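Residue numbers (the working numbering): 4 to 177.
We treat Cβ as the ideally placed atom computed from N, Cα and C, and that holds for glycine.
These figures come from a predicted structure and were not determined experimentally.
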Amino acid sequence: MNGKYAKNWLMEVAENSSVFIFVCATKILKSWWLEITKNQVFNSHTAVLPYARGMYAIENMAINKNINQFRQAAGVTIHYVDEGVDTGSIIRTERIVDPFRFNSIWDLKGYLYLTEFELYVKTAQDILSNNETIPAGVSPDPKLLGPNFRIKDFTPEKQKQAEDGYLWMKNSWR
């Protein structure tokens, strides 16, 4: 993804046309992706930004057992990629009305994935159907930035804590 082949391909594609890249990746893109595409790289995220960033964001929020913070972060976001981790300008975000209606955190996560990709397709269709405008994106207040969760830190123990935390919040909420 960040290798020479990908860079050469992208340079060739971008040579004669505008390029929009839609990613859903677990790796940080090299800065040349942004340079070559003129910052037209979009990401989908299974949490509401800026409240929960990084990998396994909603699961890590469940570990904290803070119902209000969890409800605030339970949703999806489409945003521009920048040099940070889930810090780019937000194009669209949707919050789940009742994140505790699911049997488990994994049922919620599956629903978030489905919702995320529906929003991703809508965003791409909107961009491609109108060559007169492009989403401007909104940059959130840096004071609102939530923690950046890392994939390497989501251990089997953390997974169990997320499962238990979700069920605890679900039972406390009702």
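Which two residues bound the contiguous beta strand (DSSP E) that contains residue i?
| i | result |
| --- | --- |
| Ile66 | Element bounds for Ile66: not the beta strand (DSSP E) but the alpha helix (DSSP H), Ala60 to Ile66. |
| Tyr83 | Gly78 to Tyr83 |
| Glu97 | Ile93 to Arg98 |
| Val26 | Ile24 to Val26 |
For residue i, which option in the options has the closest C-alpha, if you only look at C-alpha atoms?
| i | options | result |
| --- | --- | --- |
| His48 | Trp36, Ala76, Val22 and Ala65 | Ala76 |
| Gly6 | Lys30, Ala165 and Ala60 | Lys30 |
| Ser21 | Trp176, Lys10, Thr40 and Ala28 | Thr40 |
| Phe25 | Thr126, Val141, Val79 and Trp35 | Thr126 |
| Arg56 | Glu135, Pro143, Gln164 and Asn19 | Pro143 |
| Lys155 | Asn11, Ala60, Glu18 and Val51 | Ala60 |
| His82 | Glu62, Phe120 and Phe73 | Phe120 |
| Pro53 | Thr158, Phe152 and Lys163 | Phe152 |
Would you kindly report the start and end of the unbroken alpha helix (DSSP H) that includes residue i?
| i | result |
| --- | --- |
| Val124 | Ile108 to Ser132 |
| Ser34 | Ser34 to Thr40 |
| Val44 | Taken as a continuous stretch (DSSP letters only), Val44 belongs to no alpha helix (DSSP H), being part of the beta strand (DSSP E) at Val44 to His48. |
| Asn19 | Neither: Asn19 is in no alpha helix (DSSP H) and is coded neither H nor E. |
| Asn174 | Pro159 to Trp176 |
Assuming the contact rule is C-beta atoms closer than 8 Å, residue i and residue j should be a hit. Round their C-beta distance to whole Å, please.
| i | j | result |
| --- | --- | --- |
| Lys173 | Ile66 | About 14 Å separates the two Cβ atoms, so there is no contact after all. |
| Leu122 | Arg98 | About 12 Å separates the two Cβ atoms, so there is no contact after all. |
| Ser180 | Val16 | Residue coverage of the chain in this structure runs from 4 to 177, which leaves residue 180 outside it and unanswerable. |
Please classify residue i as buried or exposed, where buried requires at least 16 other C-beta atoms within 10 Å of its C-beta.
| i | result |
| --- | --- |
| Val44 | buried |
| Leu117 | exposed |
| Trp176 | exposed |
Is residue i near the ligand ZN, with its Cβ less than 7 Å from a heavy atom?
| i | result |
| --- | --- |
| Gly78 | By its list of ligands, the structure shown contains no ligand whatsoever, and the ligand ZN lies outside what it can speak to. |
Quiz item: Is the region 146-156 touching the region 76-94, taking contact as three or more C-beta pairs under 8 Å?
Solution: yes
Quiz item: With contact counted as at least three CB pairs below 8 Å, one residue from each stretch, are the region 151-170 and the region 102-112 in contact?
Solution: yes
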